[in-house]
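Down below is the structure, laid out as structure tokens.
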Amino acid sequence: MTNFQQILQMGQQVQARMSELQTELGNRTVTGSAGGGMVTATADGRGKIREIKIDPSVVGGDIEMLEDLVVAAVAAAQERAQQAYEEELKKVAGGLPLPFQLPNLP
Numbered sequence: 003m004t005n006f007q008q009i010l011q012m013g014q015q016v017q018a019r020m021s022e023l024q025t026e027l028g029n030r031t032v033t034g035s036a037g038g039g040m041v042t043a044t045a046d047g048r049g050k051i052r053e054i055k056i057d058p059s060v061v062g063g064d065i066e067m068l069e070d071l072v073v074a075a076v077a078a079a080q081e082r083a084q085q086a087y088e089e090e091l092k093k094v095a096g097g098l099p100l101p102f103q104l105p106n107l108p
């Protein structure tokens, strides 16, 4: 019975840490870029895009290229945010086997 109580307590600790982690990741920022830095996208640690910056020299040119660069920059920022989330989740789990797969960020 003691082992079961310890497992429950450990689960509650992991759940509390997961809640803290969500808050921490919401405050963290990651940046992805495309076109040699001509377009950058900044996301929070949960993957929500917070800012897009476009070098003025790009705007006078090909709109299709600009659109492709924005998509590439956003994808890079979201990928880095997902990696940060997975790294932090592994720390929280402390080597425990997780019975679920890591969720993909929106």
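Numbering (this note's numbering), first residue to last: 3 to 108.
Here a beta-carbon is modelled for each residue, glycine too, at the ideal position from N, C-alpha and C.
Neighbourhood of residue i by C-beta distance below 8 Å, restricted to the same chain and skipping five residues each side
{"i": "arginine 19", "result": "Val94"}
{"i": "threonine 25", "result": "none"}
{"i": "valine 72", "result": "Ala36, Val41, Ala43, Ile54, Ile56"}
Close-in-space but distant-in-sequence residues of the same chain around residue i (CB under 6 Å, 5 per side omitted)
{"i": "alanine 74", "result": "Ala36"}
{"i": "glutamate 90", "result": "Leu23"}
The beta strand (DSSP E) enclosing residue i, as first and last residue numbers
{"i": "lysine 55", "result": "51 to 56"}
Option in the options with minimal Cα separation from residue i
{"i": "methionine 40", "options": "Arg30, Ile51, Thr31, Lys55", "result": "Lys55"}
{"i": "glutamate 81", "options": "Gly96, Gln15, Gly49", "result": "Gly49"}
{"i": "glycine 38", "options": "Gln17, Val60, Gln11", "result": "Val60"}
CB-CB length for residue i against residue j, believed under 8 Å
{"i": "alanine 86", "j": "glycine 34", "result": "With 8 Å as the limit, alanine 86 and glycine 34 do not qualify as a contact, their Cβ atoms being about 12 Å apart."}
{"i": "alanine 43", "j": "threonine 31", "result": "The Cβ separation is near 11 Å, so there is no contact."}
Where the alpha helix (DSSP H) through residue i begins and ends
{"i": "glycine 28", "result": "4 to 29"}
{"i": "aspartate 64", "result": "Element bounds for aspartate 64: n/a, residue is neither H nor E."}
Same chain, Cβ closer than 7 Å to residue i, five either side skipped, listed in chain order
{"i": "leucine 104", "result": "Confidence at leucine 104 is low in this model, with a pLDDT of 49, below 50, so its placement is unreliable and the value that follows should be read with caution. Counting only Cβ-Cβ distances below 7 Å, and skipping sequence neighbours, we find Glu88, Leu91."}
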